[in-house]
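Residue numbers (the working numbering): 314 to 636.
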């Protein structure tokens, strides 16, 4: 695996023409060591921290089997319309003070349109004028014109998970398609936005599905890849799935680093399925995370994450500032 890592450092890229079965069967420790070598070369020691706010909750028309916010599932989740801009700003400034690098508004629903989209634009303009963090957005399947307007409002990066492989996608969602996801990514990139796109593991997919998802993300050229481990939610179709093991999470993280070596591999939901909130994953290819004091799916608060990352040799400086 060290030899392969050196080949990748020297320009090789794994692709669909390669037989990648060895990534599934090779010794985990050796795979993780090679992935960490790639992380150190391509991403150095910087850890990128992102916080999110749920800007509109529930009543989503889509039937994604994993999601508590889908109107197709009776999960009892809190439902509310688009948040007041000042509330969003207060949360952004709180997270900025704690040391995060980027802040994202996330909204439930197939898309964001009309008055709610205008509220989002106003919120981004406010955040841009009052804070220095990088702004990200996650609002579903937008039009090309909407992406241009987000860029003008100060958004730098758009989040649109492909969730799983093309083959497995219809097993997870049927109200939109895998191609809809890819078109959303293309539109965001056409508008000059960076793209954050990943998926969820532990939804019954195969290892080949995980490799295929990584290959797709490599092909479309995303900048950041959030890897979520499924937390089965009561009254969703996936509620009875067994939780994925830590070793499987680590292997997935390492595989993604080998296939998409220059991207930020970002730990997202499910970190509390691993010991010490994923400390070992940050030594197996991961270099970024979603964090926040109000999140329930990561297991650590912001300052705990920063302390842990410093202990294992990462820096969390923002541009132009000292630790």
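Even glycine gets a Cβ: it sits at the ideal position worked out from N, Cα and C.
Considering only C-alpha positions, which residue in the set 403, 594, 592, 458 is nearest to residue 497?
Looking up residue 497 in the chain shown gives position 184. Nearest option by C-alpha distance: 458.
Residue 431 in three-state terms, based on DSSP:
For the purposes of this step, residue 431 is identified with residue 118 of the chain shown, where counting begins at 1. DSSP, reduced to helix, strand and coil, places residue 431 within a helical segment of the structure shown.
Alpha-carbon to alpha-carbon, residue 341 and residue 511:
Reading the chain shown from its first residue, position 198 is the one you call residue 511. Reading the chain shown from its first residue, position 28 is the one you call residue 341. Approximately 22 angstroms between the Cα atoms of the pair.
Length of the line joining the Cα atoms of residue 526 and residue 486:
Looking up residue 526 in the chain shown gives position 213. Looking up residue 486 in the chain shown gives position 173. Rounded to whole angstroms, residue 526 to residue 486 spans 15 angstroms at the Cα level.
Answer with buried or exposed for residue 582, where buried requires no fewer than 16 other C-beta atoms within 10 angstroms of its C-beta.
Indexing the chain shown from 1 puts residue 582 at position 269. By the neighbour-count rule (16 or more Cβ atoms within 10 Å), residue 582 is buried.
Among all the DSSP beta bridges, which residues are the ones paired with residue 416?
Translated into the one-based positions of the chain shown, residue 416 becomes position 103. In DSSP, residue 416 forms a bridge with 364, 448.
I need the DSSP call for residue 636, collapsed to helix, strand or coil.
Counting from 1 along the chain shown, the entry for residue 636 is found at position 323. Any answer about residue 636 is weak, because its pLDDT of 46 lies below 50 and its placement is not dependable; what the coordinates show is given next. In the structure shown, residue 636 sits in coil (DSSP, three-state: anything other than H, G, I, E or B).
Classify residue 378: buried if its beta carbon has 16 or more other beta carbons within 10 angstroms, exposed otherwise.
Counting from one through the chain shown, the residue named residue 378 turns up at place 65. Counting every other CB atom within 10 Å of its CB across the protein chains shown gives residue 378 a total of 16 or more, marking it as buried.
State the CB to CB distance for the pair residue 535 and residue 509, rounded to an integer number of angstroms; the pair is presumed to be in contact (CB under 8 angstroms).
Within the chain shown, numbered from 1, the residue matching residue 535 stands at position 222. Within the chain shown, numbered from 1, the residue matching residue 509 stands at position 196. About 7 angstroms separates the two Cβ atoms, so the contact holds.
Those residues which DSSP pairs with residue 323 across a bridge:
Residue numbering aside, residue 323 sits at position 10 when the chain shown is read from its first letter. Answer by DSSP bridge pairing: none, since residue 323 is not bridged.
What is the C-beta distance between residue 453 and residue 422, in whole angstroms, given that I count them as a contact (C-beta under 8 angstroms)?
As a first step, residue 453 must be located in the chain shown, where it is residue number 140. As a first step, residue 422 must be located in the chain shown, where it is residue number 109. By a beta-carbon distance limit of 8 angstroms, residue 453 contacts residue 422. Their separation comes to about 6 angstroms.
Assuming contact is defined by CB atoms lying nearer than 8 angstroms, are residue 537 and residue 577 in contact in what I supplied?
Against the chain shown, residue 537 aligns to sequence position 224. Against the chain shown, residue 577 aligns to sequence position 264. Contact flag set, yes.
Output yes if chain D places a C-beta closer than 8 angstroms to the C-beta of residue 553; else output no.
Chain labels in this structure do not include chain D; a single protein chain is all it has.
Cβ neighbour criterion (16 or more within 10 Å) applied to residue 494:
As a first step, residue 494 is located in the chain shown; it is residue number 181 there, counting from the start. It is buried - the Cβ of residue 494 has at least 16 other Cβ atoms within 10 Å.
Sort 573, 572, 607, 613 by Cα distance to residue 592 and report the nearest one.
Locating residue 592 in the chain shown gives position 279, counting from the first residue. When each option's Cα is compared against that of residue 592, the closest is 613.
On the DSSP letters alone, give me the boundaries of the beta strand (DSSP E) that residue 471 sits inside.
Numbered from its first residue, the chain shown carries residue 471 at position 158. Counting along the chain, the beta strand (DSSP E) containing residue 471 begins and ends at 470 to 472.
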